[in-house]
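A.B. asks:
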Amino acid sequence: MATAKHRAPRKPIARRVGGLTVAAAVAVAGIGLTAPGASAESVWDRVAACESGGNWSINTGNGFYGGLQFHPQTWTGFGGGAYAPYAHQATKSQQITIAQKVLAVQGPGAWPVCSVRAGLTRDNGGATPAPSPAPAPAPAQPRDNGSASRGGGHSAMAPLARDGIRGPLTTTAIQRWVGTYQDGIFGPITTRALQTKVGAYPDGIWGPKSQAALQDYLGLSRDGSTFMNYRTVLALQKHLNANVIG
């Protein structure tokens, strides 16, 4: 799935001003929760205060749910279905757990406005760490690292669901396309390889110039976005299905 971001920027719902709301939310949240840590919880309280007025069980019918306003496809794509069908039906701790997975893949840009206001980063948000690299395989069974082989190319990969979310499966297809290790994590190595692929400067940071280059490559009109938004990921998934997975 995430940069795609998991929701469109919108005006916060019943947002409260000042530190009292955040402090109160932290105090209530401390009862009966085991993870994540207090510092990560605090920054997520600030994001929630911006996104939903700090209401972790909110469902206004706008298509986004819970304190961090998850789109249902993002929620299920990152494992939220193990807790509840929709984010607002899960506990605050469970919503933060899924948010940390989204943060690890999509970065703070998944909450483009509120992450800035809350000061959210991968570090202070407790982003779920990337898995340790797999052990090197035996020579007779070389790892599929994204390059074609004489024996028939890549292992089978199902077509991507065109949902506009740059989740782990879409990221794996991107990695196959650009020739990096296929771990489903959109990190600096994958970012630089994709930047090179679409003709952007490979600095490992996905920003407006990289986004514009990708939109040019895919034949989309530039929209000034700074992350992989819905329309861009949708077009990218179509391109990957046709040219990489096919």
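Start counting the sequence shown at 1; every next residue gets the next number (the UniProt record's numbering). The beta carbon of each residue, even a glycine, is placed where N, CA and C say it ideally should be.
Indicate the three-state DSSP secondary structure (helix, strand or coil) for Tyr86 in the structure shown.
C.D. replies: For the purposes of this step, residue 86 is taken as the residue at position 86 of the sequence shown. Three-state DSSP puts Tyr86 in coil, outside helix and strand.
A.B. asks: Within the continuous alpha helix (DSSP H) that includes Leu234, where are the two ends?
C.D. replies: If you number the sequence shown from 1, residue 234 lands on position 234. Unbroken alpha helix (DSSP H) run through Leu234: 230 to 240.
A.B. asks: Does the beta-carbon of Pro85 have 16 or more other beta-carbons within 10 angstroms, so that it is buried, or is it exposed?
C.D. replies: Counting from 1 along the sequence shown, the entry for residue 85 is found at position 85. Exposed, because fewer than 16 other Cβ atoms sit within 10 Å of the Cβ of Pro85.
A.B. asks: Nearest CA to the CA of Gln100: which residue from Thr74, Arg117, Val113?
C.D. replies: Against the sequence shown, residue 100 aligns to sequence position 100. Answer by Cα proximity: Thr74.
A.B. asks: Pick helix, strand or coil for Tyr217, following the three-state DSSP scheme.
C.D. replies: If you number the sequence shown from 1, residue 217 lands on position 217. Three-state DSSP puts Tyr217 in a helix.
A.B. asks: Compare the C-alpha of Cys114 against each of Trp206, Val43, Leu169, Leu218 and name the closest.
C.D. replies: Residue 114 sits at position 114 when you count from the first residue of the sequence shown. Considering only alpha carbons, the answer is Val43.
A.B. asks: Going by alpha carbons, who is nearest to Ser52 out of Phe70, Ala40, Glu41?
C.D. replies: By one-based count along the sequence shown, residue 52 stands at place 52. Here the closest residue by C-alpha is Phe70.
A.B. asks: Gly80 to Asn55, Cα distance in whole Å?
C.D. replies: By one-based count along the sequence shown, residue 80 stands at place 80. By one-based count along the sequence shown, residue 55 stands at place 55. Taking the straight line joining both Cα atoms gives about 18 angstroms.
A.B. asks: So what does Phe70 bridge to, in DSSP terms?
C.D. replies: As a working note, residue 70 is residue 70 in the sequence shown. In the DSSP output, where bridge partners are listed per residue, Phe70 has Tyr65.
A.B. asks: Can you tell me whether Asp163 is buried or exposed, with buried defined as 16 or more other CB within 10 angstroms of its CB?
C.D. replies: By one-based count along the sequence shown, residue 163 stands at place 163. Counting Cβ neighbours within 10 Å, Asp163 comes out buried, since at least 16 surround it.
A.B. asks: For Gly204, tell me which candidate among Pro188, Asp216, Leu218 has the shortest Cα-Cα distance.
C.D. replies: Residue mapping note: residue 204 aligns to position 204 of the sequence shown, counting from 1. Of the listed residues, the one whose Cα sits closest to Gly204 is Pro188.
A.B. asks: Apart from the five residues on each side of it in sequence, which residues of its chain come closer than 7 angstroms, Cβ to Cβ, to Arg117?
C.D. replies: For the purposes of this step, residue 117 is taken as the residue at position 117 of the sequence shown. Cβ within range, chain order: Cys50.
A.B. asks: Have a look at Ala158, Thr191, Ser221 and flag the residue whose alpha-carbon is nearest the alpha-carbon of Ala242.
C.D. replies: By 1-based counting over the sequence shown, the position of residue 242 is 242. That would be Ala158, whose Cα lies nearest to the Cα of Ala242.
A.B. asks: Verify whether the separation of the beta carbon atoms of Gln95 and Leu68 is less than 8 angstroms.
C.D. replies: As a first step, residue 95 must be located in the sequence shown, where it is residue number 95. As a first step, residue 68 must be located in the sequence shown, where it is residue number 68. Cβ distance < 8 angstroms, so Gln95 and Leu68 count as in contact.
A.B. asks: Mind checking Ala193: buried by the 16 CB within 10 Å criterion, or exposed?
C.D. replies: The residue you call residue 193 lines up with position 193 of the sequence shown. When all chains shown are included, Ala193 counts as buried.
A.B. asks: Mapping the DSSP letters down to three states, classify Thr196 as helix, strand or coil.
C.D. replies: Residue 196 sits at position 196 when you count from the first residue of the sequence shown. Here Thr196 sits in helix by DSSP.
A.B. asks: Applying the 10 Å Cβ sphere with the 16-neighbour rule, what's the burial state of Lys238?
C.D. replies: Within the sequence shown, the letter at position 238 stands for residue 238. So Lys238 ends up on the exposed side.
A.B. asks: Specify the secondary structure class of Gly80 as computed by DSSP and reduced to three states.
C.D. replies: As a working mapping, residue 80 is identified with position 80 in the sequence shown. Helix.
A.B. asks: Span of the alpha helix (DSSP H) holding Pro168?
C.D. replies: Within the sequence shown, residue 168 is the residue found at index 168, counting from 1. Residues 168 to 178.
A.B. asks: Does the separation of the CB atoms of Thr226 and Gln211 fall below 8 angstroms?
C.D. replies: Sequence index remark: in the sequence shown, residue 226 carries index 226 (1-based). Sequence index remark: in the sequence shown, residue 211 carries index 211 (1-based). Yes. Within cutoff.
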